[in-house]
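One line per chain: the protein sequences are A and B, in this order.
Okay, so the first sequence: first residue is 21 according to our numbering, each after it adds one.
Okay, so the second sequence: first residue is 21 according to our numbering, each after it adds one.
Notes follow once the structure below has been shown.
Protein chains: 2
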Amino acid sequence: MNTYSITGSYTDLYEMVMAQAYFLENRHHTPAVFDYFFRKIPFDGGYVIFAGLHELLDMLEEWTFSEQDMDYLRETLHLHPAFLDYLREFRFHGNIYACREGEVVFPFEPVVRVEASILEAQLLETLLLNILNFQSLIATKAARIRYVSGSKVLSEFGFRRAQGLAGIMAARAAVIGGFQSTSNVYAGERYGIPVVGTMAHSFVQSYESELAAFRAFAKHHPEGCIFLVDTYDTLHSGIPNAIAVAKEMEQEGKRALGIRLDSGDLAYLSRKARAMLDEAGLTYMKIAVSNQLDEYLIRSLHEQGAPIDIFGVGTKLAIGHPDAVLDGVYKLCEVNHLPTIKLSENLTKMNLPGKKQVYRVFNSDAQFLGADVIAATDENEAELLIMHHPFEPGKSKKIKGYPLEPLLFPMMKNGKRISPRPALQEIAAYAQKRLQQLPPEYKRFEFPHVYKVGLSEKLLQLRDQLRAQYQHSWMNHDT
Amino acid sequence: MNTYSITGSYTDLYEMVMAQAYFLENRHHTPAVFDYFFRKIPFDGGYVIFAGLHELLDMLEEWTFSEQDMDYLRETLHLHPAFLDYLREFRFHGNIYACREGEVVFPFEPVVRVEASILEAQLLETLLLNILNFQSLIATKAARIRYVSGSKVLSEFGFRRAQGLAGIMAARAAVIGGFQSTSNVYAGERYGIPVVGTMAHSFVQSYESELAAFRAFAKHHPEGCIFLVDTYDTLHSGIPNAIAVAKEMEQEGKRALGIRLDSGDLAYLSRKARAMLDEAGLTYMKIAVSNQLDEYLIRSLHEQGAPIDIFGVGTKLAIGHPDAVLDGVYKLCEVNHLPTIKLSENLTKMNLPGKKQVYRVFNSDAQFLGADVIAATDENEAELLIMHHPFEPGKSKKIKGYPLEPLLFPMMKNGKRISPRPALQEIAAYAQKRLQQLPPEYKRFEFPHVYKVGLSEKLLQLRDQLRAQYQHSWMNHDT
Numbered sequence: 021m022n023t024y025s026i027t028g029s030y031t032d033l034y035e036m037v038m039a040q041a042y043f044l045e046n047r048h049h050t051p052a053v054f055d056y057f058f059r060k061i062p063f064d065g066g067y068v069i070f071a072g073l074h075e076l077l078d079m080l081e082e083w084t085f086s087e088q089d090m091d092y093l094r095e096t097l098h099l100h101p102a103f104l105d106y107l108r109e110f111r112f113h114g115n116i117y118a119c120r121e122g123e124v125v126f127p128f129e130p131v132v133r134v135e136a137s138i139l140e141a142q143l144l145e146t147l148l149l150n151i152l153n154f155q156s157l158i159a160t161k162a163a164r165i166r167y168v169s170g171s172k173v174l175s176e177f178g179f180r181r182a183q184g185l186a187g188i189m190a191a192r193a194a195v196i197g198g199f200q201s202t203s204n205v206y207a208g209e210r211y212g213i214p215v216v217g218t219m220a221h222s223f224v225q226s227y228e229s230e231l232a233a234f235r236a237f238a239k240h241h242p243e244g245c246i247f248l249v250d251t252y253d254t255l256h257s258g259i260p261n262a263i264a265v266a267k268e269m270e271q272e273g274k275r276a277l278g279i280r281l282d283s284g285d286l287a288y289l290s291r292k293a294r295a296m297l298d299e300a301g302l303t304y305m306k307i308a309v310s311n312q313l314d315e316y317l318i319r320s321l322h323e324q325g326a327p328i329d330i331f332g333v334g335t336k337l338a339i340g341h342p343d344a345v346l347d348g349v350y351k352l353c354e355v356n357h358l359p360t361i362k363l364s365e366n367l368t369k370m371n372l373p374g375k376k377q378v379y380r381v382f383n384s385d386a387q388f389l390g391a392d393v394i395a396a397t398d399e400n401e402a403e404l405l406i407m408h409h410p411f412e413p414g415k416s417k418k419i420k421g422y423p424l425e426p427l428l429f430p431m432m433k434n435g436k437r438i439s440p441r442p443a444l445q446e447i448a449a450y451a452q453k454r455l456q457q458l459p460p461e462y463k464r465f466e467f468p469h470v471y472k473v474g475l476s477e478k479l480l481q482l483r484d485q486l487r488a489q490y491q492h493s494w495m496n497h498d499t
Numbered sequence: 021m022n023t024y025s026i027t028g029s030y031t032d033l034y035e036m037v038m039a040q041a042y043f044l045e046n047r048h049h050t051p052a053v054f055d056y057f058f059r060k061i062p063f064d065g066g067y068v069i070f071a072g073l074h075e076l077l078d079m080l081e082e083w084t085f086s087e088q089d090m091d092y093l094r095e096t097l098h099l100h101p102a103f104l105d106y107l108r109e110f111r112f113h114g115n116i117y118a119c120r121e122g123e124v125v126f127p128f129e130p131v132v133r134v135e136a137s138i139l140e141a142q143l144l145e146t147l148l149l150n151i152l153n154f155q156s157l158i159a160t161k162a163a164r165i166r167y168v169s170g171s172k173v174l175s176e177f178g179f180r181r182a183q184g185l186a187g188i189m190a191a192r193a194a195v196i197g198g199f200q201s202t203s204n205v206y207a208g209e210r211y212g213i214p215v216v217g218t219m220a221h222s223f224v225q226s227y228e229s230e231l232a233a234f235r236a237f238a239k240h241h242p243e244g245c246i247f248l249v250d251t252y253d254t255l256h257s258g259i260p261n262a263i264a265v266a267k268e269m270e271q272e273g274k275r276a277l278g279i280r281l282d283s284g285d286l287a288y289l290s291r292k293a294r295a296m297l298d299e300a301g302l303t304y305m306k307i308a309v310s311n312q313l314d315e316y317l318i319r320s321l322h323e324q325g326a327p328i329d330i331f332g333v334g335t336k337l338a339i340g341h342p343d344a345v346l347d348g349v350y351k352l353c354e355v356n357h358l359p360t361i362k363l364s365e366n367l368t369k370m371n372l373p374g375k376k377q378v379y380r381v382f383n384s385d386a387q388f389l390g391a392d393v394i395a396a397t398d399e400n401e402a403e404l405l406i407m408h409h410p411f412e413p414g415k416s417k418k419i420k421g422y423p424l425e426p427l428l429f430p431m432m433k434n435g436k437r438i439s440p441r442p443a444l445q446e447i448a449a450y451a452q453k454r455l456q457q458l459p460p461e462y463k464r465f466e467f468p469h470v471y472k473v474g475l476s477e478k479l480l481q482l483r484d485q486l487r488a489q490y491q492h493s494w495m496n497h498d499t
């Protein structure tokens, strides 16, 4: 009962319904290509950090229908016996091209491309969206918080307010975005993330006095001793008691790590606390804070010169407040080697046809120029001289002469990973490296510069030609 | 790799750090009582639907530290060997009192009371909050959507945009709040929820024509045939093709179920679609809609008289948009049989001391009067004549003569469930029954009436006395 396994049934029913139709029509081997992309950057921000990829690939390598799934599909969903036989042997055999996990990515560009039989590619949709949308949301939030936190220590504290099981992956994504640690033991164990933890108010309350609680805690945790000082009265009880116990520890040749403030005016209290600790000769003791933190509050504390060393960021990180969602979608762009589109009255709701590569344009300082160009995979990179606005006809930008770098790399071939899974810290380091290459005007919170994503000449023509063709065929239908 | 198990390590490190200190101090058997309650109703609403309880109890019955956990706690977290031995045998032995799952609950009242050794009760904190906060959030959102949907069919469609694994529990909570079904196969299999699913645009695109796609789909899904009609042009292609195939099905003695609209002006298109279907004699075909729905959009569609039969509600339900969080907390209220509080400059941040029961006040029509009173468990229900405002001294309300009903029931004794787990449908039925008893002014979306939660005379006195006592002791400290 306490176990949740990502099996074949971790999907929406319509994927299975379609898969069954493909199978029964004997169309299930038809080759298909799908793109994963998003349309809107959350948090009114200027970029998204792509996360979740390697966890998705892990899942895909072991993606099968369990016996329990098979029973359910047969007895409750009454799937066709021949299709059930097919599912019993089901494995994912497709190819996956993707941006590196940790990449800085932008709206409308393919972040992942899936090439597989239409059945396999379709069945993958819900799982892929479920994993990538959420982790990218949280990694992006974490990167924003890191941006205003400089070299301060950031720890993810959101497990209790996370959306249930989502708290597990939230801790992983937070590290990708720039956090050092988590409060979450499960995530520490699963992902090798450093875990941290101090004490709750209940611990202090459970002792006859705050002083007795701190002494007991110090006795058994000499190496990780952070006192929570706001159970009764921060300035008149908590900090004096923490100082008293820290001085006692010194006499035993030990050192307390610090104090934690979890309520009140953190700017004011941290300054007071710093002065009191320094006055007592405890300059090495750190000040940690928590309580409804986000990038704006941390920036404000920084502006006020609050002498805080460690930020524990909970709810607003773990749920990706306030958006709580990345609107990533998964769209068919090629079937049976022919490019395809879904039409819409709204041009921004149309997908881009065919197999595509994304190139990032660099300036001479190896910084991002602020432009990515989407091209067909069979285009020659050297011939990409201009990029077109995807939705405003006639608007274009010259990219001739700038260095380009492809963003989509093969990650999985015939259902097998191409290269070993990178360590989480490598993914996080890549994200920070790429964020360093992104100019500050894209990273600011207020009206960030809009990073340009354009289409190659060839891709623009292909899309507009398909669009005209489909529209023409309706007109024929209509008359 | 693909499995996530709720074991002992599904917690925050500080719970373990405190537990270890209790153990090493030999205080771990100290009896303690904790309350779970929340302070703010999400969605600017008038109530919360309590959900997640029976899933939490399931977890607690099997809550142990796995071999893998033990290795991690020893080798990476370096817990004390004696404490590790204790954890190896760890089981939860406590008592749990709770509102019935599906209960309508309000801020500041205890929704769950945990009585256990302080070690066990503390270790439970993160798990309890993680499960109850999220499911209650989603059940509440679902209830709001049900409220404006009357007897229309509601299906949860949010798996792809859910916060990763949270999508599993979101489907369960949606049913408690009033949804009939989900798109999520995994949740269907796990919880016995009916699953529904139609087709994606990619299915239509993968065929040489929309008509061919509909025919293929109809052929293999005669019993569950809902055509997605907006891939190319809803009115000029999608609906005419759906009608054509539905008529063909009639000739074979079959009936199509309906159509689904996933874009455009749903009010306008549903009216047009209804007229076209009726004109073709397909009055039995249903109209399903999806696309960014929430309670406000559904209410608006209803006001416009849109002839919609089935609503598929995705993102905004599955993430609990816009709040995405219920701020539930878990606070120590009694230790070693003595009531305790955590002080705060802000009275609303203080907890209520001691073991408490909550009584709901009814009017003579068996409707909720709009008042719950929190009392000490050793108070006589018949003597509850008045309730006091928890934060505004001097404000009170007479409740003498009204029927009262206790809300907290024993659910688990010595770590074992007292009664069998109710079926999900029973929980959902209970929620709807209780919502029927809640007067409409608490259910409206705009400035709902504030349901009164008050304290018994005795509880008020206990809290204020403890508060004075603690404050007095600081003053002594200060001088």
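All residues carry an ideal CB built from backbone N, CA and C; glycine is no exception.
Small disclaimer: the values here were computed from a predicted structure and weren't measured.
- Taken through DSSP and simplified to helix, strand or coil, L248 (chain B) comes out as strand.
- Sequence-distant partners of Q183 (chain A) (beyond 5 residues in either direction) whose C-beta falls short of 7 Å from its own C-beta, in its chain, are I339.
- Taking the CA atoms as reference points, N261 (chain B) sits about 21 Å from L44 (chain A).
- Note on geometry: alpha-carbon atoms of I330 (chain B) and E323 (chain B) lie some 16 Å from one another.
- Burial is judged here by how many other beta carbons sit within 10 angstroms of a residue's own beta carbon; E403 (chain A) has fewer than 16 and is exposed.
- In this model, Y92 (chain B) and L104 (chain B) are separated by some 11 Å (Cα to Cα).
- Where A344 (chain A) is concerned, there is no enclosing alpha helix (DSSP H), because DSSP gives it neither an H nor an E.
- The beta carbon of P214 (chain A) is closer than 6 Å to those of S201 in its chain, skipping five residues each way along the sequence.
- With a beta-carbon spacing of about 12 Å, H241 (chain A) and A39 (chain B) fall beyond the 8 Å limit used to define contacts.
- Around the beta carbon of Q155 (chain A), 16 or more other beta carbons sit within 10 angstroms, so the residue counts as buried.
- Neighbours of F154 (chain A) in chain B, taken as residues whose beta carbon is under 7 Å from its own, are Q183, G184 in chain order.
- For the region 210-230 of chain A, the beta-carbon criterion of a distance under 7 Å to any beta-carbon of chain B is satisfied by V215, V216, G217, T218, M219, A220, H221, S222, F223, Q225, S226.
- Within chain A, no C-beta atom comes less than 7 Å from the C-beta of A276 (chain B); the nearest is roughly 14 Å away.
- Note that the C-beta distance between K362 (chain B) and Q225 (chain A) is below 9 Å.
- The beta carbon of H357 (chain B) does not come within 9 Å of any beta carbon belonging to chain A, so the residue lies off that interface.
- Contact annotation: in the region 183-203 of chain B, residues whose CB is within less than 7 Å of a CB in chain A are Q183, G184, L185, A186, G187, I188, M189, S203.
- If the five residues before and after E230 (chain B) are omitted, its C-beta is found closer than 7 Å to the C-beta atoms of V224, T251, Y252, S257, G258, N261, all from its own chain and listed in chain order.
- Against chain A, the beta carbon of F179 (chain B) has neighbours under 7 Å at D32, T146, N150, listed in chain order.
- When the beta-carbon positions are compared, A308 (chain A) and G278 (chain A) come within less than 9 Å of each other.
- For A162 (chain B), the enclosing alpha helix (DSSP H) begins and ends at 145-169.
- Listed in chain order, the non-local C-beta contacts of A396 (chain B) below 8 Å within the same chain comprise G374, K375, K376, Q377, S476, K478, L479, L482, local neighbours out to five positions each way being set aside.
- With fewer than 16 other CB atoms across the displayed protein chains lying within 10 angstroms of its CB, V470 (chain A) is exposed.
- Cβ-Cβ distances below 6 Å link D314 (chain B) to K336 in the same chain, with the five nearest sequence neighbours on each side left out; the list follows chain order.
- Between F58 (chain B) and V393 (chain B), the gap from beta carbon to beta carbon reaches 9 Å or more.
- Between the alpha carbons of L248 (chain B) and T360 (chain A) lies a distance of about 17 Å.
- Closest in alpha carbon position to T160 (chain A), among A:G208, A:E145, A:A488, A:Y462, is A:Y462.
- Closest by C-alpha distance to G217 (chain A), out of B:G474, B:P413, B:D32, B:K453, is B:D32.
- When secondary structure is reduced to three states using DSSP, L475 (chain B) falls in the strand class.
- N115 (chain B) places its beta carbon less than 9 Å from that of V134 (chain B).
- Distance from the CA of F467 (chain A) to the CA of P423 (chain B), rounded to the nearest whole angstrom, comes to 57 Å.
- Non-local C-beta neighbours of F234 (chain A) in its own chain, meaning closer than 7 Å and more than five positions away in sequence, comprise F247, N261, A262, V265, ordered along the chain.
- Judged by beta-carbon spacing, L289 (chain A) lies within the 9 Å limit of L255 (chain A), meaning their Cβ atoms are closer than that value.
- Rounded to the nearest whole angstrom, the C-alpha separation of P460 (chain A) and L352 (chain B) is 46 Å.
- Distance check between I318 (chain A) and each of A:A191, A:L444, A:A163, A:G187 places A:A163 closest, using alpha-carbon atoms only.
- G414 (chain A) has its alpha-carbon roughly 46 Å from the corresponding atom of L321 (chain A).
- Taking the C-beta atoms as reference points, P442 (chain A) is found no nearer than 9 Å to Y117 (chain A).
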